[in-house]
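Going down the list, the sequences are from chains G and A.
Take the first sequence: its position 117, counting from 1, is numbered 754 in this note's numbering, and each next residue is one higher.
Take the second sequence: its position 246, counting from 1, is numbered 254 in this note's numbering, and each next residue is one higher.
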Amino acid sequence: MGVIRQDGRRCTLAGRGSWWSWVGCVGFFALIAARVSAQEADETQKNIRVLQQKTLIRYHRVEVVPTFTLALNETLTRHLGVGGQVRFHITDEWAAGAEYIKYFGSDSALATDISAFGVAKETRYMNQYFGAHAAWTPLQAKFLFFGKGPIHWDFGLTAGLGATRTGASAYRVTGHLGGGFRFLLWRCLTLNLEVRDFMFMEKYRAGSEFVNNVVFTTGIGVLVPFTYHYEYPK
Amino acid sequence: MKRFGVVMLLILGAGGATAKVGGVSEAPAVRHQLELRKSRHELSLGLGMTLNDAYTRNVLIRAAYQYHFLSWLGVGLEAAFGAQVKTALTSAIESGVTNSPEYNQEFPGKKAAIPRSGIQALLIAKAGFVPLSGKLVLFGKYLGYVDLMVNAGGGMALVKGFNGLSNRTTYAVAVGGGLRFYPTRYLSVNLEVMDYMVPQYTPQNRKISAGESAGYVYAVGGGGLVPYRERLTQNPAFLVGVSVFLPFQVERTY
């Protein structure tokens, strides 16, 4: 029976033969196994990010968004709009920008139907809007799409001031508030979905009326510069 | 030699186990993910109202049950009860008709009340899909889980008629979606938009042709008649609600 001491404890190897032959065998194969395991670990650790990098970067980038707009809260008219937004992201959370919307208006089917009662309500089409805004993006998140992903997105609030041209030539001072989602499609491409309420006073023949023009806007945002570099590697 | 074989088997076995644990290339996007919906019952209560209504606004109270077979798929039932309110447009039309000389001559001293209808009750069987789910971070602080749901279904509607239109039972189609925010693992706060499409009799600015019978005809004085015809009306409703998920215990994925 051979005896070895290991970390102050007494270990016993039962059986015949010399103890050093056991130690030699185990040591030799343990060395081989350790070398193979180390190589496998190197391969797998290439995919492990110790420092997670933020994927949706806005800081010091310009966002250009061609937009399509649909008015949501209309009953007697229908408005569609095309336009664009340009904003500069001062920080990752704060941005300032400007936008333009060209509206195309028409009467709704309801406006035609209620004329059957012999009554008519004065309607006025919106022609265009231009203004400036500030945007704040406090919330960011990621989604799995049917368990795959992730899809990075953020939610922001917008407030702005501008002018809406209604009818032939009347310009109305317009304030707006809104919120929207930005989904990252690629490093420089985003899908933007937002709802805004454009508020202004409209003068009708019967008197002035406060108008809430709630619109849904969608657009593909292009972030410039297209690429960016991280301060720290992965 | 025998010992040599035993030692080698042990070491090779250990090496194989190490290789299986270490591989991450085929790992799921999220490990140990909370299964907030899979194999759970969802009981929810909601309150909301229809938007952009022409003649009648519906205030809805809704109770719903859904069983989630998978994280992304569930089926359920919802029952909603509605209270009806006249819109500003209806009031304006009634005022305009009442003040018209033709109406005053034919119906002196009588206020015009135009026929209209609203949703009194809904019973809908639906399927719910959850294509997107994830976590929310506000100012770098974790807020909770959130998912985006899409619902579609069909069922029955009880339509309540006013000012001459009668009550009727008909079919309903419902399509919508929304967000569920989970402050805890068994409770969610829901924001949802559902479009309840229901056939209703509505006025139409088209004369009644020969041989045609309108669903209802309203006289506005001076021989003027407004025909009402059945049309599938859209009633988009915004609902806020809470859901409780049972059982309270949540499983995790691998």
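No residue lacks a Cβ here, since even glycine has one placed at the ideal position from N, Cα and C.
Is any beta-carbon of chain G found at less than 9 Å from that of V181(A)? No - not a single Cβ of chain G is within 9 Å of the one on V181(A).
Contacts around V181(A), its chain only, beta-carbon distance under 6 Å, and the 5 residues preceding and following it disregarded: If the five residues before and after V181(A) are omitted, its C-beta is found closer than 6 Å to the C-beta atoms of G162, M205, all from its own chain and listed in chain order.
Indicate the three-state DSSP secondary structure (helix, strand or coil) for V29(A) in the structure shown. Residue placement at V29(A) is poorly supported in this model, since its pLDDT is 48, which falls under 50; the coordinates are not used for a value here.
Quick check: the Cα distance between D203(A) and E868(G), rounded to an integer number of angstroms? Distance between the alpha carbons of D203(A) and E868(G) is about 48 Å.
Quick one: what's got a C-beta closer than 8 Å to D644(G)'s C-beta in the same chain, skipping five residues either side? Unreliable positioning characterises D644(G) in this predicted model, as indicated by a pLDDT of 40, which lies under 50. A coordinate reading is not provided.
Interface residues of the stretch 739 to 756 of chain G facing chain A [CB-CB below 7 Å]: Listed by position along the chain: L747, T749, D750, I751, S752, A753, F754, G755, V756.
Taking F147(A) as the query, report the chain G residues whose CB atoms sit under 7 Å from its CB, ordered along the chain. For a Cβ distance threshold of 7 Å, residue set P775 of chain G lies close to F147(A), ordered along the chain.
Below 7 Å between beta carbons is the criterion; list the residues of the stretch 710 to 723 of chain G that meet it against any residue of chain A, in chain order. Contacts with chain A (Cβ-Cβ distance below 7 Å) from the stretch 710 to 723 of chain G involve N710, T712, listed in chain order.
Close Cβ partners of G856(G) (< 6 Å) along its chain, the five nearest in sequence each way excluded: Counting only Cβ-Cβ distances below 6 Å, and skipping sequence neighbours, we find V702, P703, T704, N829.
Which class does L693(G) belong to by DSSP, given the choice of helix, strand or coil? Coil at L693(G), not helix or strand.
Which of the three DSSP states is assigned to Y616(G) in this structure? Missing from the structure shown is residue 616(G); chain G here goes from 638 to 871 and no further.
Per-residue contacts from K840(G) into chain A (C-beta, under 8 Å): The contacting residues do not exist; K840(G) stays about 18 Å from chain A at best.
What is the C-beta distance between F137(A) and V158(A), in whole angstroms, given that I count them as a contact (C-beta under 8 Å)? Right, the Cβ-Cβ distance comes to about 5 Å (below 8 Å), so this counts as a contact.
Which residues does DSSP list as the beta-bridge partners of G185(A)? Partner(s): V158(A), V201(A).
Compare the beta carbon distance of L2(A) and L173(A) with 9 Å and say whether it is the shorter of the two. This structure does not reach residue 2(A), given that chain A is present from 9 up to 262, and the question cannot be answered.
Kindly indicate which three-state DSSP category L144(A) falls into: helix, strand or coil? Here L144(A) sits in strand by DSSP.
Within 10 angstroms of the Cβ of D744(G), are there 16 or more other Cβ atoms? Answer buried if so, exposed if not. Exposed is the call here.
Which residues, taken in chain order from the stretch 213 to 239 of chain A, show a beta carbon closer than 7 Å to some beta carbon of chain G? Within the stretch 213 to 239 of chain A, the qualifying residues are N213, V228, G232, V234.
Going by DSSP, what residues sit across from F725(G) in a beta bridge? In DSSP, F725(G) forms a bridge with V699(G), A733(G).
Ends of the alpha helix (DSSP H) at G104(A)? Segment 96 to 106, the alpha helix (DSSP H) holding G104(A).
Would you identify the three-state DSSP class for I122(A), choosing helix, strand or coil? Shown here, I122(A) sits in coil according to DSSP, grouped into three states, outside any helix or strand.
Under the three-state reduction of DSSP, which class applies to D61(A): helix, strand or coil? Looking at D61(A) - three-state DSSP - the assignment turns out to be coil, as it is neither helix nor strand.
If M215(A) and A778(G) are in contact, beta carbons under 8 Å, what's the gap, nearest whole angstrom? For the sequence presented, residue 215(A) should be read as Lys rather than Met. Between A778(G) and K215(A) the Cβ distance is about 56 Å, and since that is not below 8 Å, they are no contact.
F115(A) - DSSP class collapsed to helix/strand/coil: Coil, per DSSP.
Please classify P235(A): does DSSP put it in a helix, a strand, or coil? DSSP places P235(A) in strand when its eight states are reduced to three.
Cβ-Cβ separation, S125(A) to Y209(A) (assumed contact under 8 Å), whole Å: 6 Å between Cβ atoms; contact.
Tell me, which residues are paired with G5(A) by DSSP? Residue 5(A) is absent from the model: chain A starts at 9 and stops at 262.
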